[in-house]
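Chains as they are written, first to last, in our numbering: chain A, 1 to 148; chain B, 149 to 296; chain C, 297 to 380; chain D, 381 to 464.
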């Protein structure tokens with residue numbers, strides 16, 4: 001299985017990532033891209049912090065778990081860190097398989113697990129200069145629990 | 149809701165399509181790309197035929213159904229027709245929403261319904277010159293039925 | 297006159313993508329029309345015979361065997377769809 | 381010496397991202413270590429107090445309250461994760 005795990009400050013190119021997953025035998029490639037929302041209009045940026053070393057280990061485990069559940073030909077997780085402004089991409093998960101159900105299910109699994117099983121933390125920076133750490137959402141835990 | 153429905157011989161750019169769905173308020177953008185597989189190694193090409201006029205109506209209905217089920221900000225269906233060789237893109241479905249579950253579920257819904265509720269037909273052209281219409285798969289009907 | 301369209305292997309078997317037909321007045325439903333088609337010669341009998349699962353659209357909406365065809369302007373026959 | 385890491389608001393509250401600590405020999409589990417942390421001053425008491433849901437990793441694997449810490453080289457404390 002082709003595997004790509006990347007944690008970086010730099011932006012990535014979803015089109016190029018999808019192209020890289022167009023592997024021989026892959027009939028379906030699914031992807032999820034998460035971006036910085038700004039529902040209130042007050043957000044200046046999100047700051048993404050992570051635990052270098054552990055993050056890579058955690059993402060490797062998540063990818064291995066996905067590969068054990070579905071017949072995947074390729075799997076990609078990209079997560080950005082640092083300061084990201086509204087509209088910018090934060091995270092990308094994608095999977096390629098011979099069949100669409102596996103590709104779609106694995107993509108959903110990767111993002112659900114990433115949200116609860118990888119050491120990333122978000123801090124909101126508001127336009128007035130205030131700042132606040134984002135609290136974990138119970139619904140994310142529930143989405144992960146549904147896979148267990 | 150931003151809506152794009154396209155039936156064309158020309159290829160499309162998944163990266164550009166994802167970018168176009170990065171709409172204000174969209175926290176998650178999911179996509180599915182279907183490509184021409186060549187499991188046996190004997191396939192020269194797939195020929196995609198459709199029912200002009202009805203196809204557009206059918207895809208409009210599928211998109212409207214998706215929009216009635218999930219709070220979508222954008223929805224894209226692209227389906228190519230004509231002669232397509234192994235590895236080439238055939239179909240693309242994508243959805244943008246404030247939340248990831250809606251984007252992922254709608255993307256899966258769009259491709260499941262498209263496979264059973266839109267008038268496209270595939271003919272396989274083999275390397276030895278033989279040709280054969282692809283038969284409908286019962287499993288596709290089942291995938292659609294699960295949404296009903 | 298009613299426009300009748302054929303797609304995929306139906307089009308190939310019948311050697312026609314489209315025809316304008318004066319339908320007998322006594323055809324009420326899609327099932328009636330299919331039965332009538334089988335009487336139009338060997339090609340039609342083979343294409344519309346029971347062992348073939350022919351699907352139908354009436355005025356560009358998927359139809360069932362019991363869908364009425366009165367007033368229809370465009371009726372299409374085709375195999376089960378295989379797109380995506 | 382054991383390396384202890386702090387992330388997110390824990391790092392900010394404690395004013396440290398990393399420290400090397402000689403842990404008391406009687407600390408067997410993560411729960412023991414958290415209890416000991418609360419005794420290390422006001423900042424620590426506030427950060428590791430019961431009302432805060434501090435999470436822990438031992439040698440870069442998520443740990444629970446009952447995870448043993450004997451032999452651990454790197455222990456990290458952080459709030460519930462919020463990536464993705």
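Heads up, the beta-carbon is just placed ideally off N, CA and C, and yes, glycines get one too. Since the structure is predicted, the reported quantities are computational estimates derived from the model, not experimental observations.
Run through chain A and tell me which residues come within less than 7 Å of residue i, C-beta to C-beta.
i	result
residue 170 of chain B	35 and 87
residue 461 of chain D	116, 118, 119, 120, 121 and 136
Is the beta carbon of residue i less than 8 Å from the beta carbon of residue j?
i	j	result
residue 149 of chain A	residue 127 of chain A	Outside the shown range of chain A, which is 1 to 148, sits residue 149 of chain A, and nothing can be said about it.
residue 76 of chain A	residue 9 of chain A	no
residue 160 of chain B	residue 380 of chain C	no
residue 427 of chain D	residue 436 of chain D	no
residue 72 of chain A	residue 58 of chain A	no
residue 129 of chain A	residue 163 of chain B	no
residue 180 of chain B	residue 241 of chain B	yes
residue 110 of chain A	residue 66 of chain A	yes
residue 330 of chain C	residue 354 of chain C	no
residue 279 of chain B	residue 272 of chain B	yes
Which residues in chain D sit within 9 Å of residue i, going by Cβ to Cβ distance?
i	result
residue 91 of chain A	463 and 464
residue 147 of chain A	Near residue 147 of chain A there are no residues of chain D at all, since even the closest Cβ is about 14 Å away, more than 9 Å.
Quick one: which chain C residues come within Cβ less than 9 Å of residue i?
i	result
residue 205 of chain B	356 and 357
residue 259 of chain B	380
residue 218 of chain B	By Cβ distance, chain C contributes nothing, its closest Cβ being about 20 Å from residue 218 of chain B, past 9 Å.
Using the beta-carbon of each residue, which ones in chain B are nearer than 9 Å to residue i?
i	result
residue 372 of chain C	199, 202 and 267
residue 303 of chain C	197, 198, 199, 267 and 269
residue 74 of chain A	Residues of chain B passing the Cβ test: none, with the nearest at roughly 12 Å.
residue 66 of chain A	Those within 9 Å of residue 66 of chain A in chain B number zero; the least Cβ separation is about 14 Å.
Just how far apart, CA to CA, sit residue i and residue j?
i	j	result
residue 313 of chain C	residue 208 of chain B	24 Å
residue 229 of chain B	residue 238 of chain B	8 Å
residue 417 of chain D	residue 425 of chain D	7 Å
residue 216 of chain B	residue 210 of chain B	10 Å
residue 212 of chain B	residue 108 of chain A	23 Å
residue 401 of chain D	residue 411 of chain D	17 Å
residue 284 of chain B	residue 378 of chain C	5 Å
residue 309 of chain C	residue 339 of chain C	7 Å
residue 455 of chain D	residue 30 of chain A	36 Å
residue 2 of chain A	residue 266 of chain B	33 Å
residue 200 of chain B	residue 301 of chain C	11 Å
residue 152 of chain B	residue 70 of chain A	31 Å
residue 139 of chain A	residue 253 of chain B	16 Å
residue 19 of chain A	residue 231 of chain B	20 Å
residue 204 of chain B	residue 270 of chain B	17 Å
residue 429 of chain D	residue 420 of chain D	12 Å
residue 202 of chain B	residue 74 of chain A	36 Å
residue 406 of chain D	residue 395 of chain D	26 Å
residue 431 of chain D	residue 176 of chain B	32 Å
residue 446 of chain D	residue 399 of chain D	23 Å
For residue i, which residues in the same chain have their Cβ closer than 8 Å to its Cβ, ignoring the five residues on either side in sequence?
i	result
residue 408 of chain D	448, 449 and 450
residue 404 of chain D	416
residue 235 of chain B	183, 184 and 186
residue 306 of chain C	343, 350, 373, 374 and 375
residue 368 of chain C	298, 354 and 355
Starting from the C-beta of residue i, find all residues in its chain whose C-beta is less than 6 Å away, skip the five residues before and the five after it, and write them out in chain order.
i	result
residue 79 of chain A	7 and 91
residue 387 of chain D	458
So residue i contacts chain A; which residues on that side make the cut at Cβ distance below 8 Å?
i	result
residue 437 of chain D	51, 54 and 119
Spatial neighbours of residue i within its chain, please: CB distance less than 7 Å, with the 5 preceding and 5 following residues excluded, ordered by chain position.
i	result
residue 112 of chain A	143, 144 and 147
residue 356 of chain C	370
residue 133 of chain A	121 and 123
Taking Cβ-Cβ distances shorter than 7 Å, what residues in chain B pair up with residue i?
i	result
residue 100 of chain A	180, 182 and 259
Can you pull the chain B neighbours of residue i, defined as C-beta to C-beta under 8 Å?
i	result
residue 107 of chain A	178 and 252
Give me the chain A residues within the contact set of residue i, using Cβ-Cβ distance strictly less than 9 Å, ordered along the chain.
i	result
residue 173 of chain B	37, 38 and 39
Inter-stretch contact at 8 Å, needing at least 3 Cβ pairs: the segment 169-179 of chain B / the segment 32-50 of chain A: yes
Stretch-stretch touch, CB-based, cutoff 8 Å, three pairs: the segment 94-114 of chain A with the segment 38-52 of chain A: no
Under 9 Å (Cβ pairs) to chain E, residues found in the segment 151-167 of chain B: The chain labelled as chain E is not found among the protein chains of the depicted structure, namely A, B, C and D.
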